[in-house]
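Reminder that position 273 of the sequence shown reads as 278 in my numbering, one-by-one numbering, no gaps. Note that the Cβ used here is the ideal one computed from N, Cα and C, for glycine as well. Since the structure comes first, as structure tokens, the remarks are kept for the end.
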Amino acid sequence: MDLREVEHDLGSLIDGNILTMESMKKHTSWRIGGPADIMVIPAGVEDIRQCLRFAREREIPLLIMGNGSNLLVKDKGIRGIVLKISQGFNQIGVRGNDIVAGAGALVPLVAKRAAEAGLSGLEFAAGIPASVGGAISMNAGAHGKCIEEVVRRATVLTPEGLIADLNKEEIGFRYRDSSIREKGLIVLRAVFALEPGDPADIRTRNETNLVKRRNSQPLEYPSAGSVFANPPGQWAGWLIEQVGGKGMRVGDAMVSEKHANFIVNLGEATASDILKLVERIKRLVLEKFNIDLKLEIQVVGE
Ligand SMILES: Cc1cc2nc3c(=O)[nH]c(=O)nc-3n(C[C@H](O)[C@H](O)[C@H](O)COP(=O)(O)OP(=O)(O)OC[C@H]3O[C@@H](n4cnc5c(N)ncnc54)[C@H](O)[C@@H]3O)c2cc1C
Numbered sequence: 006m007d008l009r010e011v012e013h014d015l016g017s018l019i020d021g022n023i024l025t026m027e028s029m030k031k032h033t034s035w036r037i038g039g040p041a042d043i044m045v046i047p048a049g050v051e052d053i054r055q056c057l058r059f060a061r062e063r064e065i066p067l068l069i070m071g072n073g074s075n076l077l078v079k080d081k082g083i084r085g086i087v088l089k090i091s092q093g094f095n096q097i098g099v100r101g102n103d104i105v106a107g108a109g110a111l112v113p114l115v116a117k118r119a120a121e122a123g124l125s126g127l128e129f130a131a132g133i134p135a136s137v138g139g140a141i142s143m144n145a146g147a148h149g150k151c152i153e154e155v156v157r158r159a160t161v162l163t164p165e166g167l168i169a170d171l172n173k174e175e176i177g178f179r180y181r182d183s184s185i186r187e188k189g190l191i192v193l194r195a196v197f198a199l200e201p202g203d204p205a206d207i208r209t210r211n212e213t214n215l216v217k218r219r220n221s222q223p224l225e226y227p228s229a230g231s232v233f234a235n236p237p238g239q240w241a242g243w244l245i246e247q248v249g250g251k252g253m254r255v256g257d258a259m260v261s262e263k264h265a266n267f268i269v270n271l272g273e274a275t276a277s278d279i280l281k282l283v284e285r286i287k288r289l290v291l292e293k294f295n296i297d298l299k300l301e302i303q304v305v306g307e
């Protein structure tokens, strides 16, 4: 693939930004990852449509991302196009007791807007560093609640470029997953069904949840949140702690002392360091508990 040619040809089709050989360190919460051949930051739906068509016609792989808070990008980077749904889709509006938010809006800002409007239901999500699209796709959750419980519907773009409105059941929510990825859908917007409440109380609950996070998670270091999904009836963090995982280190990648299901980047960690640590933890947990831990993070690139 001739990157200059792709940049030129794609540039004539879309209004948004096109970046070539863009370091994914700048776009992931782990601050890890080699370059993406091409990154497109679409300005609107038409840009996404053009990008989908372009990639299909030229047989170029396409990866959708939001805020990059659940991605481990490998050290050689990503071949093809990364479509980052962000500033072109960050509108947040209030409609009665509903909040309508673009897929690129950050969930903490949506929770803040809901509190200002006296709408309750998103307090659990106040500290999840997701975009709305990423939170829907991953069915993000915290403090015993998840996005599924507050979503009324989502507007998506199909791989064929058609817009569809999906209700909660049609989104196919599962534990930290949904049918969005397997169907190749792109979330454009979501409607959250909330309940009226006192703005001061809602703000207090948001703040309480943020404090709980600061006390239990190593937010002072780059990470991607929980690395492993909790096996049914178990806590991955507890299992990792039991096998002596806390403080275990490969290069600048270290299992957090504060929360054993977080691997933090102490400075110059690479994806290869993280993956070595992941394998070591998986082996220890398998040997001691006969449990095969599954990744919650998504590993992409080469
Ligand atoms: C400090 C920290 C704390 C965290 N705490 C939590 C927590 O409490 N609970 C929790 O569930 N997660 C948590 N996470 C993980 C992460 O925030 C969630 O998984 C989140 O849902 C990812 O959203 P994102 O926008 O960053 O998506 P990305 O990481 O960019 O992408 C994740 C997946 O979503 C897909 N995606 C993104 N946007 C779209 C879109 N518009 N349309 C279709 N697919 C899309 C991508 O293709 C990819 O498959 C935490 C992460 C960090 C760094």
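List, from N- to C-terminal side, the beta strand (DSSP E) runs of 3 residues or more that fit wholly inside the region 42 to 123.
Complete beta strand (DSSP E) runs here, min 3: 67 to 70, 76 to 78, 83 to 89, 97 to 100, 103 to 107.
When you measure from the CB of R219 to every non-hydrogen atom of ligand 1, does any distance come out below 7 Å?
To locate residue 219, count along the sequence shown from 1; it is residue 214. No, Cβ of R219 sits at least 7 Å from all heavy atoms of ligand 1.
Could you tell me which residues DSSP pairs with T213 in its beta bridges?
As a position in the sequence shown, residue 213 is number 208, starting the count at 1. Paired residues: none, contrary to the question.
Taking A265 as the reference, which of L167, S221, K299 has the closest Cα?
The count along the sequence shown starts at 1 and reaches residue 265 at position 260. Comparing Cα-Cα distances from A265 to each of L167, S221, K299, the minimum goes to S221.
With DSSP as the reference, label N220 as helix, strand or coil.
In the sequence shown, the residue the question calls residue 220 occupies position 215. In this structure, N220 counts as helix in the three-state DSSP scheme.
Roughly how many angstroms lie between the CA atoms of L193 and I152, to the nearest whole one?
On the sequence shown, position 188 is the one that residue 193 refers to. On the sequence shown, position 147 is the one that residue 152 refers to. Approximately 16 Å, taken between the alpha carbons.
Does the Cβ-Cβ distance between G123 and G82 come in under 8 Å?
Position 118 of the sequence shown holds residue 123. Position 77 of the sequence shown holds residue 82. Contact: no.
Enumerate in chain order the residues of its own chain whose CB-to-CB distance from S261 is below 6 Å, with the five nearest sequence positions on each side excluded.
Counting from one through the sequence shown, the residue named residue 261 turns up at place 256. For S261, where only same-chain residues beyond five positions count, the Cβ hits under 6 Å are P223, F267, V269.
Count the other CB atoms within 10 Å of the CB of V216; is the residue buried (16 or more) or exposed (fewer)?
The residue labelled residue 216 in the question sits at position 211 within the sequence shown. Exposed, by the Cβ-count rule.
In chain order, which continuous runs of the beta strand (DSSP E) of length 3 or greater are located wholly inside the region 138 to 195?
Here the runs fully enclosed are 156 to 162, 168 to 172.
Is the separation between the beta-carbon of L88 and that of L67 shorter than 8 Å?
Indexing the sequence shown from 1 puts residue 88 at position 83. Indexing the sequence shown from 1 puts residue 67 at position 62. In contact: L88 and L67 (Cβ atoms closer than 8 Å).
Helix, strand or coil: which one does DSSP assign to Q239?
Within the sequence shown, residue 239 is the residue found at index 234, counting from 1. DSSP places Q239 in coil when its eight states are reduced to three.
Which same chain residues, not among the five before or five after N214, have their C-beta less than 8 Å away from its C-beta?
The residue given as residue 214 occupies position 209 in the sequence shown. E128, F129, A131, G132, A147, H148, listed in sequence order.
Is P201 helix, strand or coil by DSSP?
Taking the first residue of the sequence shown as position 1, residue 201 is located at position 196. Of the three classes helix, strand and coil, the one that applies to P201 here is strand, per DSSP.
Indicate whether L162 and L190 have their beta-carbon atoms separated by less than 8 Å.
The residue you call residue 162 lines up with position 157 of the sequence shown. The residue you call residue 190 lines up with position 185 of the sequence shown. Yes, the pair counts as a contact, with Cβ atoms nearer than the cut-off.
Opposite L300 in the DSSP bridges: which residues?
The count along the sequence shown starts at 1 and reaches residue 300 at position 295. Bridge partners of L300: F233.
Use the C-beta contact count for Q55: other C-beta atoms within 10 angstroms, 16 or more gives buried, fewer gives exposed.
Residue mapping note: residue 55 aligns to position 50 of the sequence shown, counting from 1. The residue is buried, with at least 16 neighbouring Cβ atoms inside 10 Å.
Are N144 and D182 touching if we call contact CB-CB under 8 Å?
Stepping through the sequence shown from its first residue, residue 144 is reached at position 139. Stepping through the sequence shown from its first residue, residue 182 is reached at position 177. In this structure, D182 lies closer than 8 Å to N144 by Cβ.
How is M2 classed by DSSP in three states: helix, strand or coil?
The shown model of the chain, from 6 to 307, leaves out residue 2, and the question about it has no answer.
Between D297, E273, A274, G272, which lies nearest to E284 when the distance is taken from Cα to Cα?
The residue you call residue 284 lines up with position 279 of the sequence shown. Of D297, E273, A274, G272, the residue nearest in Cα terms is D297.
Based on the DSSP secondary-structure assignment, which residues constitute the bridge partners of A267?
Against the sequence shown, residue 267 aligns to sequence position 262. Sequence inspection shows Phe at residue 267; the Ala mentioned does not correspond to that position. Bridge partners of F267: S231.
Secondary structure at S34, three-state DSSP: helix, strand or coil?
Here residue 34 refers to the residue found at position 29 when the sequence shown is read from its first residue. In this structure, S34 counts as coil in the three-state DSSP scheme.
Give me, in chain order, the residues of the same chain whose beta-carbon lies closer than 6 Å to that of N22; leave out the 5 immediate sequence neighbours on both sides.
For the purposes of this step, residue 22 is taken as residue 17 along the sequence shown, with counting starting at 1. Cβ within range, chain order: I46.
So, for G306: in the same chain, excluding its five sequence neighbours on each side, which residues have a beta-carbon less than 6 Å away from its beta-carbon?
Numbered from its first residue, the sequence shown carries residue 306 at position 301. So the qualifying residues of the chain are V78, K79, G82, I83.
Would you mind stating whether K281 and V255 have Cβ atoms separated by less than 8 Å?
Residue 281 sits at position 276 when you count from the first residue of the sequence shown. Residue 255 sits at position 250 when you count from the first residue of the sequence shown. Yes.
For a test of the three-state rule: what should DSSP assign to S277, helix, strand or coil?
Position 272 of the sequence shown, counting from 1, holds the residue named residue 277. Helix at S277.
DSSP on L24, reduced to helix/strand/coil?
Counting from 1 along the sequence shown, the entry for residue 24 is found at position 19. Of the three classes helix, strand and coil, the one that applies to L24 here is strand, per DSSP.
What separation, rounded to the nearest whole angstrom, lies between the Cα atoms of R100 and L271?
In the sequence shown, counting from the first residue as 1, residue 100 sits at position 95. In the sequence shown, counting from the first residue as 1, residue 271 sits at position 266. Those two C-alpha atoms are separated by around 43 Å.
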